[in-house]
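Colleague: Just passing along the structure, written as structure tokens.
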Amino acid sequence: MRQELQSLPKTLAEDVAKNLVMVARLIDEDPEGAYAYSRVALRLASRVAAVREAAGFAAYATQKYGEALAEFRAARRMTGNTDLWPVMADCERGLGRPEKTLDMAGAPEVHKLDKAGQVEMRLVAAGARRDMGQLDAAIVTLQSPELASTSVQPWTARLRYAYADALLAAGREGEAREWFAKAVESDKDGSTDASDRLAELDGVEFMDALVEGEDEAEDELEVEAEVEAEAEVEVEVEDKTEAEVEVETKVEDKAEVEDGESEGGVVKGAVSEED
């Protein structure tokens, strides 16, 4: 990619490169953000094959399959490379054209792919068969020397997972469980959720620790709120009691004054003498 960008003026090449870096950083976690950066790069350097390819993957990640297919075709015309053939075929699936995907799976370009590309094409073709409701054909499509091999390659986990999933869709649960277990064995970097699918078949349920922690925190907040409410009630009761005492005191004082007046105005006399 760096070599391709050398055809641009230095400052422009740096700007394009920065946008392509952001596409790579965001495409998994924030596809829309990656797509936005890819559009900037595309506007700056639409004649660079690497830019068209990056724009294609960003569009593909956001399920803009028509746009992705157009970018992949442009990149392929510029380079003559067939590496993008499987993902182009998958775009046809995304556009609701599985028959076109199967046509591409039988095209001469497939024979030009490396082993990883051929496995990818097989996965895409099996997906197209499933789109058409041809479950048994999907299973047969995935049956290959690569699936039977005991050696673990970068594509092994995904291939075994797809085969297990196809078996399960066809109602062959026992075989599906066996292949999900094989997928788990080969999935060292957790690229699939084979372990979860296997546990589901075995009837194992997992608790969401995060949700459980949130529930406990909510319970603690409720308890604290109840304690604070009780404390406020106690304060109000104390305030009310003090107010009642004050009223009672005033009543008693008033009664004493009235008693003094009734005994001959002693209180009044005392006040007059003070005055």
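Under this note's numbering, the first residue of the sequence shown is numbered 1, with each subsequent residue one higher. Note that beta-carbon positions come from the ideal geometry of N, C-alpha and C, so glycine has one too. None of the values given here were measured: they were computed from a predicted structure.
1) Please name the residue in Gln153, Val119 and Leu142 whose C-alpha comes closest to that of arginine 129.
2) Considering just the uninterrupted stretch of the alpha helix (DSSP H) at alanine 337, what are its terminal residues?
3) So, glycine 127 versus alanine 137, is the Cβ gap smaller than 9 Å?
4) Below 6 Å CB to CB, which residues in the same chain sit around leucine 12 once its five sequence neighbours on both sides are set aside?
5) Enumerate in chain order the residues of its own chain whose CB-to-CB distance from leucine 26 is below 6 Å, with the five nearest sequence positions on each side excluded.
6) Closer than 9 Å, CB to CB, is glutamate 173 near chain B or not?
7) Going straight from the alpha carbon of leucine 102 to that of alanine 125, what length do you get?
8) By DSSP, does serine 38 sit in helix, in strand, or in coil?
9) Thinking just about the alpha-carbon of each residue, which of Thr79, Gln134, Lys115 and Met78 is nearest to the one in valine 86?
10) What does the alpha-carbon distance come out to for the pair leucine 5 and threonine 79?
11) Does the beta-carbon of aspartate 28 have 16 or more other beta-carbons within 10 angstroms, so that it is buried, or is it exposed?
12) Are the CB atoms of leucine 159 and arginine 122 within a distance shorter than 9 Å?
13) Comparing alpha-carbon positions, which option in Ala24, Thr150, Tyr163 and Ser144 lies nearest leucine 135?
14) Is the beta carbon of alanine 148 less than 9 Å from the beta carbon of serine 186?
Modeller: Quick answer:
1) Of the candidates Gln153, Val119 and Leu142, the residue whose Cα lies closest to the Cα of arginine 129 is Leu142.
2) Only positions 1 to 275 of the chain appear in this structure, which leaves residue 337 out of reach.
3) No, they are not a contact pair.
4) Cβ neighbours of leucine 12 beyond the five flanking positions: none.
5) If we look at leucine 26 and ignore the five residues flanking it on each side, its Cβ neighbours are Gly33 and Ala34.
6) The displayed structure is made up of one protein chain only, and chain B is not part of it.
7) For leucine 102 and alanine 125, the distance between alpha carbons rounds to 6 Å.
8) Assignment of serine 38 by DSSP, reduced to helix, strand and coil, places it in the helix class.
9) One point to set straight first is that residue 86 is proline, not valine, in the sequence displayed. Nearest option by C-alpha distance: Lys115.
10) The alpha-carbon atoms of leucine 5 and threonine 79 are separated by roughly 14 Å.
11) The residue in question, aspartate 28, is exposed, as its Cβ has fewer than 16 Cβ neighbours within 10 Å.
12) A contact, by the Cβ cut-off of 9 Å.
13) Nearest of Ala24, Thr150, Tyr163 and Ser144 to leucine 135, Cα basis: Tyr163.
14) The Cβ-Cβ distance between alanine 148 and serine 186 does not fall below 9 Å.
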